[in-house]
Structures are given as C-alpha cells and as structure tokens.
Amino acid sequence: MFQDEAGFGRINTPKYCWCRKGIRPNVPCLHIREYRYAYGAVEPLTGESLFLIMPNCDSDCMNVFLRELSHRFPEDHILLCCDGAAWHKSKALQVPANITLFHIPPYTPEMNPIEQIWRELRCQGFR
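For the sequence shown, position 109 (counting from the first letter as 1) is numbered 123 according to our numbering, and the numbering increases by one without interruption.
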C-alpha cells in the first residue's frame, strides 16, 4: 500500500467592492485559516484504501492511522510505502506487527500513486 497525508484548508480571499476611482475603501473581513489533514493509504492494484481526517501531521496522528490500518486489515501483512516526512521516521512511531514501513526516495512524489488522489480532490475544489 502507498501512504501519504495532504493538508486541506480554508483561507478566505480578500474582499472587493465598488468605489470611486482614486479612493481606497476599507473593507472589513474576517481572516480565516483552518486546516485539516487527510491521511490515506491505497493499494493501487485492488483499490482497497483507508482514509482518516486528522487535526495535525505528527507522530501521534500517524500512530492512530497505523492502528486503524492494522485493524482494518488484520489478516494481511501490509508493506506500507511512505515518503520521508519526519513523523514517518520518528522514534515515537508505533508500527503494528502486521505493518512494515519503507520509504520512497526524497523529492519523488511521482512515485507515490496516492498523490493522484490528492490532485483529483484539489481539482474538485478542495484546497
């Protein structure tokens, strides 16, 4: 299986209004910056997958994801391909017995098929 995380956020855009030429109006707006992170793993040959929405990208959230992945496929030994994110290599990471992690080379997201899922989600309007 191939694993990755993607951040999706809500960032409001500056507001506009009509006014006379040469006048710069004061347009109040609320600045919003909210992010959630999708953790996903997909098996490209069968389409089997697992996705979770988490508040952060860190070792704690990765541990939750790995436990859920292990419980979802208890009879399988999962070879999980990850990128080189710090929380994928952290000493705090608790890898279940039925999961073996290995990493793709640095700066090669094209080697991870789940990147296509994130790209498609962003094309559908999720940023």
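All residues carry an ideal CB built from backbone N, CA and C; glycine is no exception.
Please read these numbers as outputs of a predicted model, since none were measured by experiment.
Judged by DSSP secondary structure, residue 133 falls outside any beta strand (DSSP E) and instead within the alpha helix (DSSP H) spanning 128-137.
The Cβ atoms of residue 128 and residue 16 lie closer than 9 Å to each other. DSSP, read as helix, strand or coil, puts residue 104 in coil. For residue 48, the uninterrupted beta strand (DSSP E) run begins and ends at 47-56, by DSSP. Note that the C-beta distance between residue 32 and residue 73 is not below 9 Å. For residue 98, the CB contacts under 7 Å within the same chain, skipping 5 residues up- and downstream, are 117 and 120 in chain order. Inter-residue distance for residue 126 and residue 30 is about 40 Å (C-alpha atoms, whole angstroms).
Proximity to residue 88 across 111, 41 and 79 peaks at 111, based on C-alpha coordinates.
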